[in-house]
Amino acid sequence: MTFLHKFLGATAALGLSSAAALAEPAVIFDLGGKFDKSFNEAAHNGASRWAEETGSTYREIELQSEAQREQALRRFAEAGANPIITMGFAMADPLSTVAPDYPDTKFVAIDVTWLDAPNVRQIGFAEHEGSYLVGMLAGMASESGTVGFIGGMDIPLIRHFGCGYAQGVKAVNPDATVVANMTGTTPAAWNDPVKGSELTKAQISQGADVIYAAAGGTGVGVLQTAADENILSIGVDSNQNHLHPGKVLTSMLKRVDVAVYDALTAGTDLETGVFTLGLAEEGVGYALDDNNAPLVSDEMKAAVDEAREKIISGDLEVASYYATDSCPALDF
Amino acid sequence: MDMMPKWAEVTLVPLISLVLAAILSALVILAIGEDPVEAVNLMVTGALGSTYGWGYTLYYATNFLFTGLAVSVAFHAGLFNIGGEGQAMLGGLGVALACLLIPWPHWTLALLGAAGAAALFGAAWAAIPAFLQAKRGSHIVITTIMFNFIGAAVLNYVLVNLMRPPGSMDPATARFPEATHLPTLHDILLPLGINFSKSAPANVTFLIALLACVLVWFLLWRTWLGYEIRSYGKSEPGAKYAGISPVAITMIAMLISGALAGLMAINNVMGEAERLVLNAVEGAGFIGIAVALMGRSHPFGVLLAAILFGFLYQGGAELALWTSIPRELIVVIQALVILFTGALDNMVRMPLERLFLMLRRGRA
Chain W
2 MTFLHKFLGA
12 TAALGLSSAA
22 ALAEPAVIFD
32 LGGKFDKSFN
42 EAAHNGASRW
52 AEETGSTYRE
62 IELQSEAQRE
72 QALRRFAEAG
82 ANPIITMGFA
92 MADPLSTVAP
102 DYPDTKFVAI
112 DVTWLDAPNV
122 RQIGFAEHEG
132 SYLVGMLAGM
142 ASESGTVGFI
152 GGMDIPLIRH
162 FGCGYAQGVK
172 AVNPDATVVA
182 NMTGTTPAAW
192 NDPVKGSELT
202 KAQISQGADV
212 IYAAAGGTGV
222 GVLQTAADEN
232 ILSIGVDSNQ
242 NHLHPGKVLT
252 SMLKRVDVAV
262 YDALTAGTDL
272 ETGVFTLGLA
282 EEGVGYALDD
292 NNAPLVSDEM
302 KAAVDEAREK
312 IISGDLEVAS
322 YYATDSCPAL
332 DF
Chain D
-6 MDMMPKWAEV
4 TLVPLISLVL
14 AAILSALVIL
24 AIGEDPVEAV
34 NLMVTGALGS
44 TYGWGYTLYY
54 ATNFLFTGLA
64 VSVAFHAGLF
74 NIGGEGQAML
84 GGLGVALACL
94 LIPWPHWTLA
104 LLGAAGAAAL
114 FGAAWAAIPA
124 FLQAKRGSHI
134 VITTIMFNFI
144 GAAVLNYVLV
154 NLMRPPGSMD
164 PATARFPEAT
174 HLPTLHDILL
184 PLGINFSKSA
194 PANVTFLIAL
204 LACVLVWFLL
214 WRTWLGYEIR
224 SYGKSEPGAK
234 YAGISPVAIT
244 MIAMLISGAL
254 AGLMAINNVM
264 GEAERLVLNA
274 VEGAGFIGIA
284 VALMGRSHPF
294 GVLLAAILFG
304 FLYQGGAELA
314 LWTSIPRELI
324 VVIQALVILF
334 TGALDNMVRM
344 PLERLFLMLR
354 RGRA
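Protein chains in written order, with the working numbering: chain W, 2 to 333; chain D, -6 to 357.
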């Protein structure tokens, strides 16, 4: 009898634990890897914060090749992972074919907003709005009237960043010059601090005294060189103010970590559909902390906060590169 | 010259190299606190244990076959073509243009057309470095590397500005029309009663790659042209003395090499992705060099080496999926194989040669 009880108890526990394992969520990191100091790392931080707080676990993979996108999606979906969080616009196409095959699995697509799939939570960020605010700060902090922008690769997403930034700069100083460069043409461009450093020097020689880096790991080199050469820089994605206190003007925050954390917290109950996280939702913003407080005067802060309110209320519209495939303030 | 018998040269040397690489990899896996036996088990079952695994292994192998053959042909002419990456990228552009601009009635015709375009674009991209080498003496290693970057820039510009469908923010072309979709191994083997995995990307291109192996072998060892290519590769002055034109051989060998690298695009662009993405080649051009080195530039060796690398890729993917072995370590394992089979060849070869010499003396 006791044996039977134990046996039943054991099988029940086994059943429970396997059910729990089935509901385990999964995160698919893009080619940059989860320690890219930027986009994927933000997701990794959000997911690990969730795991620590809840004591739960999640499966993860860092993609190594294009063919693995669909493969990882299918493998996780077949193993019962739910929800499955994917990073980056390049997952849009594989998701559009895989998601309909697993209608009971929920997917989260970060940086994708254009799919027609009922079981996908698509999260886009209004990077142009956040970039507009840091652009205003750059325009006000610049003494030379020339500011720089260093992107990773010349792709629509990065043009989107640069376009909002240039509009912000021009809003406070219509005569300002925006120097824009891209790091490279291969995926290595997202992790090339040396090239970032060279581009920073080149932009300084053109008169730039504030430089915004939207280039993943390459930005580390931009921020370093800007600090060495005694000019200001602007970080991206996560708060990078602490990297060089007093030298980083601000950081354009893109709260991928919050989006991932929220999705994991919601678990299988998560709401699907298209969500755009902008200033109002605090999905994007600019970072202000002890490290950059001396750099941002009350006047600058007031101007930026006013613009922020106006953007949220709709009085001020920042043109999105995505909407028209072109930018009013910057040529690419 | 013949220090050891042919069979030992082609089997023992690579096998011992592989075993050494495997032992070192096992030590590395042990050092990070994972179980190497389980890891190997996972790799083997993941890559070769099911038709699904084979489907991915053969898909990667097809890519490496084309780029490996491309490097081999150039090797035989004494040319080091490092531009497989760029040539395959441009081949992809050719495939995308052929598939999107021409309304093909059936996949067979589309395959012929796209293969032609891929070979043409790949060859064209190899033609400029080849011309510079043949006529100006600019070293082909340098120029082909530089053309990889130019190729990436061209592709980036074309995808972002010209071929991206409106509304999509992904720098990639639209999906190719239904009629250009190539049959996968599942579709081909089903009539034969074999139920090959449906979700694996291996497709009819694998058979074309095998055909390319045979054709390259025939070209190199059974034709005048192949003889000229090999003589030129062995000794340029000798070939010149025999009346072989260095300019012609350099150009022809590089054009064939570029066309083979370009042909890879029918596998990854047309067969798998069914659209052209920015990162379509993802290093297969460089892996081709390792494959050619390991396969001793012989088509059959290239086939075996390509399958080995396909196994490493797919096995590595399974490791990344189901263990906590970081992907950087999987790259380390792949690199160890390249290191031992390609770079440290002599480390295995010399002791083996000495051993065989001793055996021979003992007999004499």
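Using N, Cα and C, we set each Cβ at its ideal position, and we do this for glycine too.
Out of curiosity, what's the CA-to-CA distance linking Gly71 (chain D) and Leu278 (chain W)? Start at 1 with the first residue of the second sequence, and residue 71 (chain D) comes out as number 78. Start at 1 with the first residue of the first sequence, and residue 278 (chain W) comes out as number 277. Cα-Cα distance, rounded: 57 Å.
Mind checking if Ile323 (chain D) is an interface residue toward chain W, Cβ cutoff 9 Å exclusive? Residue mapping note: residue 323 (chain D) aligns to position 330 of the second sequence, counting from 1. Chain W, which has a Cβ nearer than 9 Å to the Cβ of Ile323 (chain D), makes this yes.
Can you list, in chain order, the residues of its chain with a C-beta nearer than 7 Å to that of Glu311 (chain D)? Leave out the 5 residues immediately preceding and following it. Within the second sequence, the letter at position 318 stands for residue 311 (chain D). Excluding sequence neighbours, Glu311 (chain D) sits near Leu35, Met36, Gly39, Ala40.
Can you give the Cα-Cα distance for Phe293 (chain D) and Leu62 (chain D), rounded to whole angstroms? As a working mapping, residue 293 (chain D) is identified with position 300 in the second sequence. As a working mapping, residue 62 (chain D) is identified with position 69 in the second sequence. The alpha-carbon atoms of Phe293 (chain D) and Leu62 (chain D) are separated by roughly 10 Å.
Buried or exposed for Val148 (chain W), going by 16 or more other Cβ atoms inside 10 Å? If you number the first sequence from 1, residue 148 (chain W) lands on position 147. Flag for Val148 (chain W) reads buried.
Supposed contact pair Val284 (chain D) and Phe304 (chain D) - C-beta distance, whole angstroms, cut 8 Å: Within the second sequence, numbered from 1, the residue matching residue 304 (chain D) stands at position 311. Within the second sequence, numbered from 1, the residue matching residue 284 (chain D) stands at position 291. Not a contact, Cβ separation roughly 12 Å.
Would Phe189 (chain D) and Gly48 (chain D) be called neighbours here (beta carbons separated by less than 9 Å)? Along the second sequence, one-based indexing puts residue 189 (chain D) at 196. Along the second sequence, one-based indexing puts residue 48 (chain D) at 55. Cβ atoms of Phe189 (chain D) and Gly48 (chain D): closer than 9 Å.
Where does the unbroken beta strand (DSSP E) through Met247 (chain D) begin, and where does it stop? The residue you call residue 247 (chain D) lines up with position 254 of the second sequence. Here Met247 (chain D) belongs to no beta strand (DSSP E); instead the alpha helix (DSSP H) covers 239 to 256.
Look up Arg60 (chain W) in the DSSP assignment and give the residues it is bridged to. The count along the first sequence starts at 1 and reaches residue 60 (chain W) at position 59. DSSP lists W:Ala27 as partners of Arg60 (chain W).
When the distance is taken between beta carbons, is Val173 (chain W) closer than 9 Å to Pro194 (chain W)? Here residue 194 (chain W) refers to the residue found at position 193 of the first sequence. Here residue 173 (chain W) refers to the residue found at position 172 of the first sequence. Not in contact: Pro194 (chain W) and Val173 (chain W) (Cβ atoms no closer than 9 Å).
C-alpha distance - Ala273 (chain D) paired with Gly255 (chain D), whole-angstrom precision: Here residue 273 (chain D) is taken as the residue at index 280 of the second sequence, counted from 1. Here residue 255 (chain D) is taken as the residue at index 262 of the second sequence, counted from 1. Rounded to the nearest angstrom, the two C-alpha atoms are 12 Å apart.
Measuring only the C-alpha atoms, how far is Tyr45 (chain D) from Met244 (chain D)? Within the second sequence, the letter at position 52 stands for residue 45 (chain D). Within the second sequence, the letter at position 251 stands for residue 244 (chain D). Distance between the alpha carbons of Tyr45 (chain D) and Met244 (chain D): 41 Å.
Could you give the residue range of the alpha helix (DSSP H) that holds Tyr225 (chain D)? To locate residue 225 (chain D), count along the second sequence from 1; it is residue 232. Per DSSP, Tyr225 (chain D) belongs to the alpha helix (DSSP H) from 217 to 227.
Beta carbon of Pro164 (chain D) nearer than 9 Å to that of Val147 (chain D): Start at 1 with the first residue of the second sequence, and residue 164 (chain D) comes out as number 171. Start at 1 with the first residue of the second sequence, and residue 147 (chain D) comes out as number 154. Result no, Cβ atoms of Pro164 (chain D) and Val147 (chain D) do not sit closer than 9 Å.
On the criterion of 16 or more Cβ atoms from any shown chain inside 10 Å, does Gly284 (chain W) qualify as buried, or is it exposed? Indexing the first sequence from 1 puts residue 284 (chain W) at position 283. When all chains shown are included, Gly284 (chain W) counts as buried.
Would you say Ser66 (chain W) faces chain D, with C-beta separation under 9 Å as the test? The count along the first sequence starts at 1 and reaches residue 66 (chain W) at position 65. Interface residue, yes.
Note down, one range per segment and in chain order, each beta strand (DSSP E) of at least 3 residues found wholly within the segment 60 to 146 of chain D. none
Residues in its own chain within less than 8 Å of Arg60 (chain W) by CB, not counting five upstream and five downstream? Locating residue 60 (chain W) in the first sequence gives position 59, where the first residue counts as 1. Cβ within range, chain order: Glu25, Pro26, Ala27, Val28, Phe77, Ala80, Ala82.
Contacts of Leu158 (chain W) in chain D (Cβ-Cβ under 8 Å): Position 157 of the first sequence, counted from the first residue, corresponds to residue 158 (chain W). Near Leu158 (chain W) (Cβ distances below 8 Å), the residues of chain D are Met162.
Cβ of Phe169 (chain D) within 9 Å of any chain A Cβ: No chain A appears in this structure, whose protein chains are W and D.
Tyr287 (chain W) - partner residues in DSSP beta bridges: Along the first sequence, read from residue 1 onward, the residue named residue 287 (chain W) stands at position 286. Beta-bridge pairing links Tyr287 (chain W) to W:Met253.
I'd like the span of the beta strand (DSSP E) that includes Tyr306 (chain D), first residue to last. Position 313 of the second sequence, counted from the start, is the residue given in the question as residue 306 (chain D). Note, Tyr306 (chain D): premise wrong, no beta strand (DSSP E); alpha helix (DSSP H) at 292 to 315.
Please classify Ala110 (chain W): does DSSP put it in a helix, a strand, or coil? Residue numbering aside, residue 110 (chain W) sits at position 109 when the first sequence is read from its first letter. It is a strand residue.
Within chain D, partners of Trp115 (chain W) - CB distance below 8 Å: Residue numbering aside, residue 115 (chain W) sits at position 114 when the first sequence is read from its first letter. In chain order: Gly160, Ser161, Met162.
Should Ser18 (chain W) be flagged as near chain D, meaning a C-beta pair shorter than 9 Å? Position 17 of the first sequence, counting from 1, holds the residue named residue 18 (chain W). Note on Ser18 (chain W): pLDDT 40, under 50, position unreliable in the model; the coordinate value appears next. Not one chain D Cβ lies under 9 Å of Ser18 (chain W).
For Leu244 (chain W) and Gly286 (chain W), which I take to be in contact (beta-carbon distance under 8 Å), what is that distance rounded to the nearest angstrom? Mapped onto the first sequence, residue 244 (chain W) falls at position 243. Mapped onto the first sequence, residue 286 (chain W) falls at position 285. Not confirmed; about 18 Å, so no contact.
Please go through the same chain and pick out, in chain order, the residues whose beta-carbon is closer than 7 Å to the beta-carbon of Ile280 (chain D), but skip the five residues on each side of it. Counted from its first residue, the second sequence places residue 280 (chain D) at position 287. Closer than 7 Å at the Cβ level, and outside the excluded window around Ile280 (chain D), lie Phe57, Thr60, Phe302.
Assigned secondary structure, Ala294 (chain W) (DSSP; H/G/I helix, E/B strand, else coil): Against the first sequence, residue 294 (chain W) aligns to sequence position 293. Residue state, collapsed to three classes: coil.
Counting only Cβ pairs nearer than 8 Å, list the residues of chain D close to Ile86 (chain W). In the first sequence, residue 86 (chain W) corresponds to position 85, counting from 1. Residues of chain D passing the Cβ test: none, with the nearest at roughly 15 Å.
8 Å CB neighbourhood of Leu280 (chain W) in its chain, flanking five on each side removed: As a position in the first sequence, residue 280 (chain W) is number 279, starting the count at 1. If we look at Leu280 (chain W) and ignore the five residues flanking it on each side, its Cβ neighbours are Ala127, Glu130, Gly131, Leu134, Gly286, Arg309, Ile312, Ile313.
Could you give the DSSP three-state label for Ile318 (chain D): helix, strand or coil? Locating residue 318 (chain D) in the second sequence gives position 325, counting from the first residue. In this structure, Ile318 (chain D) counts as coil in the three-state DSSP scheme.
To which residues of the same chain is Ala54 (chain D) closer than 6 Å at the C-beta, ignoring the five residues directly before and after it? Translated into the one-based positions of the second sequence, residue 54 (chain D) becomes position 61. Excluding sequence neighbours, Ala54 (chain D) sits near Ala299, Ile300, Gly303.
Measuring only between beta-carbons, confirm whether Pro319 (chain D) sits less than 9 Å from chain W. Start at 1 with the first residue of the second sequence, and residue 319 (chain D) comes out as number 326. Closer than 9 Å: yes.
Would you kindly report the start and end of the unbroken beta strand (DSSP E) that includes Tyr213 (chain W)? Counting from one through the first sequence, the residue named residue 213 (chain W) turns up at place 212. Start and end: 211 to 215.
Starting from Ser234 (chain W), follow its DSSP beta bridges and name the residues at the other end. As a position in the first sequence, residue 234 (chain W) is number 233, starting the count at 1. DSSP, once it has assigned bridges, lists W:Ile212, W:Val249 as partnering Ser234 (chain W).
I think Glu78 (chain D) touches Ser66 (chain W), with their Cβ atoms under 8 Å apart; what is that distance to the nearest whole Å? As a position in the second sequence, residue 78 (chain D) is number 85, starting the count at 1. As a position in the first sequence, residue 66 (chain W) is number 65, starting the count at 1. Contact flag wrong, Cβ pair sits at about 14 Å.
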